[in-house]
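Residue numbers (the working numbering), protein chains in the order written: chain A, 5 to 326; chain B, 36 to 317. Have a look at the structure below, then the notes.
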Ligand SMILES: [Zn+2]
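Spelled out as structure tokens, the structure:
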């Protein structure tokens, strides 16, 4: 992990942190007790960070969601599940590493967990294609979902992708069709599905594993129909307007709750999920278990109808169709 | 819309010497370069009389092509797009909508309804790229969902002439979720054993492609239509790849196994009718 990475808006924290280091060095060199000042400084750092993270703009949340130290699907699987049995491949073309998954247990509860996976260095980024799946990734995800459905295991998806991969091979193997088929087939899956946006919710590439009975979003994650940069380039003719575009597109958890497109925001630890994986995992786990408990009381018919009804009412317009 | 803007200029009017022909009656075909008589092209379903290049067929003409005369009844016509996000950009969503409405005379990017095709009751939807790039807002998604649901109830097959640049950015995530909503309705239409055929016209891209445009029992396309997920410019920028000739055209996609059949417009009505014979009649 690149521990040095910091976001521009965190600079007040870093300034205080370097002051703290100076204080500590001074105290050691001079052998003077400044523990009171040091504790004050630590409090101030904590407060400053909390203030910043409590008031992040949409564009700043995008930065946090893309933080290279942010926990990815495999981090959550390792820290919040046991007995993980990974499943590989779409049985047609290959094993797309941008979408990973398999059987796992969360507090003993069996689930099929499926998620986007990004890399942390060149090698793993090449392997996972920076979290951007090809068609075979979506087909692999659907295969895992159908497997779970057949053996009555509820499904959890963790979403964190800039989008489906835009490339020649993707088009030649019909990325659009792969996503579309997932959308349709997910409405035939009879086990509960819980979807969580853990980082980046990049448009159709996110939606391809985003059809569920519950849509949860982590506090600093975002979900958008187009990247703020892409929107700025088209509507403002300039990527420098990405912050305005991020604001206008209404992409944060709060926005999605208001638009009735998400059910719940999962709180992140102070300073964001990357500051404390254990705490972030704990919050995610609690949210998944709580929602599973509710969904587990429903019959297969009710699960199907619930999912249909949920998406059926999405959209805003004036007047009535009848 | 994301990929193409809202321009619908597919052919350019050339200046012809006044003494030869009156202004605006002739145009130069961008495909073969020949000067053709506009009225003749229109009468030929907007297909070039010299080279068979397919120009955009206007919405009403498309409805007329795929329905028996006087049978088309519009459904879900009374809903209107709203600026749910309060979108603040260089231009407001409301301004964009109004400009497109007054330019086109249509209220939004799709018209759906029930009609007969060769005497058979069907559901028909026609998307119109000239209206905001036929981007998928809530009204577009709702009309298409309503069309499919009503056809499920009334046991009708659905034909849907698709065109789109993708999402309607002004509606943000509401736009994205129309992909899910329409696909959900198609799951139930398919479950009822009813045929659904998307007809892909120039251009059909992005979110529409990644939902109802590729969920047909058969997927047919008009010749040389641009069809794909990501735009060629985006692909070149992200991958630095050279794209093969004919990339993302109907014929390319038939070769690569996605499109079942490329059908020239002159045969579209007859072919759709024949295919529905196979799918509907026991
Ligand atoms: Zn021509």
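Yeah, the Cβ is synthetic: ideal placement off N, Cα and C, and Gly gets one too.
Does the Cβ of residue i lie closer than 8 Å to at least one heavy atom of ligand 1?
i	result
residue 88 of chain B	yes
residue 199 of chain A	no
residue 64 of chain B	yes
residue 85 of chain B	yes
residue 69 of chain B	yes
Between residue i and chain A, is there a C-beta pair that is closer than 9 Å?
i	result
residue 105 of chain B	no
residue 226 of chain B	yes
residue 313 of chain B	no
residue 237 of chain B	no
residue 310 of chain B	no
residue 279 of chain B	yes
residue 136 of chain B	no
residue 196 of chain B	no
residue 297 of chain B	no
residue 71 of chain B	no
residue 305 of chain B	no
residue 232 of chain B	no
residue 199 of chain B	no
residue 250 of chain B	yes
residue 115 of chain B	yes
residue 318 of chain B	In this structure chain B extends from 36 to 317, so residue 318 of chain B is not present and cannot be described.
Could you tell me whether any Cβ in chain B is nearer than 9 Å to the Cβ of residue i?
i	result
residue 241 of chain A	yes
residue 90 of chain A	no
residue 155 of chain A	no
residue 315 of chain A	yes
residue 299 of chain A	no
residue 303 of chain A	no
residue 97 of chain A	no
residue 307 of chain A	no
residue 318 of chain A	yes
residue 68 of chain A	no
residue 174 of chain A	yes
residue 138 of chain A	no
residue 147 of chain A	no
residue 178 of chain A	yes
residue 217 of chain A	no
residue 192 of chain A	yes
residue 249 of chain A	yes
residue 202 of chain A	no
residue 188 of chain A	yes
residue 7 of chain A	Any reading at residue 7 of chain A must be qualified, since the residue scores a pLDDT of 49, below 50, and its modelled position is unreliable; no value is offered.
What residue range is occupied by the uninterrupted alpha helix (DSSP H) comprising residue i?
i	result
residue 231 of chain A	Where residue 231 of chain A is concerned, there is no enclosing alpha helix (DSSP H), given that its DSSP letter is neither H nor E.
residue 284 of chain A	281-299
residue 210 of chain A	207-211
residue 156 of chain B	It is not in any alpha helix (DSSP H) - residue 156 of chain B instead sits in the beta strand (DSSP E) that spans 155-162.
residue 307 of chain A	304-316
residue 232 of chain B	From DSSP, residue 232 of chain B is part of no alpha helix (DSSP H) but of the beta strand (DSSP E) over 231-240.
residue 128 of chain A	126-132
residue 135 of chain B	128-139
residue 178 of chain B	173-188
residue 313 of chain B	300-315
residue 260 of chain A	257-262
residue 211 of chain B	207-226
residue 170 of chain B	Taken as a continuous stretch (DSSP letters only), residue 170 of chain B belongs to no alpha helix (DSSP H), as it is neither H nor E.
Start and end of the beta strand (DSSP E) containing residue i?
i	result
residue 268 of chain A	268-270
residue 222 of chain A	218-222
residue 18 of chain A	No beta strand (DSSP E) holds residue 18 of chain A; the alpha helix (DSSP H) holding it covers 15-34.
residue 194 of chain B	193-199
residue 145 of chain B	145-152
Note down, one range per segment and in chain order, each alpha helix (DSSP H) of at least 4 residues found wholly within the segment 37-124 of chain A. With a minimum length of 4 residues, the continuous alpha helix (DSSP H) runs that stay inside the segment 37-124 of chain A are 39-58, 62-69 and 77-84.
I'd like the ranges of any beta strand (DSSP E) spanning at least 3 consecutive residues and lying wholly in the segment 44-120 of chain B. 61-63, 70-72 and 108-110
Threshold first: 4 residues or longer. Then list the alpha helix (DSSP H) segments lying entirely within the segment 153-180 of chain A, N to C. 172-176
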